Amino acid sequence: MDLDVNIAGQVTSHSVVRADLGHDGRSIVVVSGIALPEWRVDTDEMTRTSARVLLRQPADIVEQSTVTVSLASISNEESSFGFAVDQAELAVEADELVLATRLSLMGEASFLHRFSFQVVLAMRDVPAQISGELVWNTSQFRPAETTPAAAQRAFVIEANAVTVTDGPPPSAPPPGVPGTLPTGTIDLRPVASGQIVSVTVGEQTCRASYVIANPPKLKRLIVTVGAPGLHAVGTGTIGMRATGEADFTLTPAAPTREHVDFASHHETGPA
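Numbers 87 to 357, taken from my numbering, label the letters of the sequence shown in order.
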């Protein structure tokens with residue numbers, strides 16, 4: 087059985103405490119909670135099963151770990167009985183941490199309602215980053231100075247998490263594979279902002295390099311660029327269109343994405 091810390095009724099009293107050690111991205115992380123397997127047997131023979139607690143913690147680089155599991159709530163209806171958590175170990179699946187346990191139960195009837203857990207991790211975080219280039223016509227916007235700050239005011243650069251209502255939840259595409267937006271109402275929620283780090287201004291074309299620092303891992307992301315500071319010659323409005331892959335998922339194994347590029351285009355009206 088799988089018990090998810092993000093699903094009510096499967097895990098309760100879930101908490102995560104993180105302490106930054108201040109060196110090379112290392113930290114101590116303590117994950118604790120009470121899992122609710124609500125497992126019942128009605129036999130005088132020992133019965134065993136597996137239970138996995140999906141911790142929903144990115145498994146960047148785990149250097150050391152300790153796991154403690156204890157019975158928290160059991161019951162028996164007047165018979166010989168046995169209750170045990172025989173085994174508990176930490177595993178990594180899809181770049182997330184999973185607490186894998188083996189449970190044992192005997193009795194007529196016996197219930198293993200809950201067990202508590204605590205996982206202590208010494209981890210080294212792998213910094214995540216998205217980078218790319220913005221290209222636009224100088225006639226649409228000429229920065230007052232050839233500085234990142236002068237160009238920044240013309241753009242809104244965001245990495246967005248994808249959520250869906252009135253439809254199935256989005257599936258995250260594997261690294262390097264473009265995603266397909268699902269049916270339903272799509273909502274893009276900004277989770278990280280981008281900063282321009284360099285700019286060049288030419289007679290015809292301007293270019294700016296940007297970086298989005300520390301976007302979340304293990305979430306489907308779509309990068310968008312708004313261009314409130316770009317102006318069309320004549321009628322119409324100017325937007326920024328992705329020319330590189332802008333829909334992806336970062337993972338601890340692949341925490342960076344480069345060449346997420348955008349170019350200006352007329353959204354409405356004649357060019």
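Virtual Cβ for every residue (Gly too), placed ideally from N, Cα, C. Note that the structure is a prediction, hence the values are computed from the model and not measured.
Could you pull the start and end residues of the beta strand (DSSP E) that residue i belongs to?
{"i": "residue 326", "result": "323-328"}
{"i": "residue 132", "result": "125-144"}
{"i": "residue 336", "result": "Segment: none, residue 336 is in no beta strand (DSSP E) and carries neither H nor E."}
{"i": "residue 89", "result": "88-90"}
Quick check: the Cα distance between residue i and residue j, rounded to an integer number of angstroms?
{"i": "residue 94", "j": "residue 122", "result": "10 Å"}
{"i": "residue 341", "j": "residue 92", "result": "23 Å"}
{"i": "residue 346", "j": "residue 219", "result": "7 Å"}
{"i": "residue 311", "j": "residue 296", "result": "11 Å"}
{"i": "residue 118", "j": "residue 200", "result": "13 Å"}
{"i": "residue 188", "j": "residue 155", "result": "11 Å"}
{"i": "residue 104", "j": "residue 137", "result": "25 Å"}
{"i": "residue 211", "j": "residue 196", "result": "43 Å"}
{"i": "residue 147", "j": "residue 338", "result": "8 Å"}
{"i": "residue 343", "j": "residue 236", "result": "25 Å"}
{"i": "residue 89", "j": "residue 320", "result": "59 Å"}
{"i": "residue 245", "j": "residue 131", "result": "54 Å"}
{"i": "residue 181", "j": "residue 205", "result": "17 Å"}
{"i": "residue 228", "j": "residue 284", "result": "14 Å"}
{"i": "residue 194", "j": "residue 249", "result": "46 Å"}
{"i": "residue 286", "j": "residue 106", "result": "38 Å"}
{"i": "residue 174", "j": "residue 203", "result": "9 Å"}
{"i": "residue 102", "j": "residue 114", "result": "10 Å"}
{"i": "residue 303", "j": "residue 238", "result": "25 Å"}
{"i": "residue 348", "j": "residue 108", "result": "36 Å"}
{"i": "residue 215", "j": "residue 142", "result": "21 Å"}
{"i": "residue 291", "j": "residue 330", "result": "18 Å"}
{"i": "residue 100", "j": "residue 120", "result": "7 Å"}
{"i": "residue 326", "j": "residue 157", "result": "56 Å"}
Given a cut-off of 8 Å on the beta-carbon distance, is the pair residue i and residue j in contact?
{"i": "residue 299", "j": "residue 282", "result": "no"}
{"i": "residue 186", "j": "residue 150", "result": "no"}
{"i": "residue 280", "j": "residue 308", "result": "no"}
{"i": "residue 222", "j": "residue 316", "result": "yes"}
{"i": "residue 352", "j": "residue 318", "result": "yes"}
{"i": "residue 111", "j": "residue 276", "result": "no"}
{"i": "residue 133", "j": "residue 191", "result": "yes"}
{"i": "residue 360", "j": "residue 314", "result": "Missing from the structure shown is residue 360; the chain here goes from 87 to 357 and no further."}
{"i": "residue 76", "j": "residue 145", "result": "Absent from the structure is residue 76, since the part of the chain shown begins at 87 and ends at 357."}
{"i": "residue 179", "j": "residue 224", "result": "no"}
Going by DSSP, name the residue or residues bridged to residue i.
{"i": "residue 121", "result": "97 and 201"}
{"i": "residue 331", "result": "Answer by DSSP bridge pairing: none, since residue 331 is not bridged."}
{"i": "residue 351", "result": "325"}
{"i": "residue 106", "result": "113"}
{"i": "residue 155", "result": "203"}
{"i": "residue 178", "result": "183"}
{"i": "residue 285", "result": "294"}
{"i": "residue 277", "result": "Partner(s): none; residue 277 has no beta bridge."}
{"i": "residue 148", "result": "209"}
Whole beta strand (DSSP E) elements within the region 195-261, 3-residue minimum: 215-223 and 242-251
Give the list of continuous beta strand (DSSP E) stretches no shorter than 3 residues that lie fully inside the region 287-319. 291-299 and 306-312
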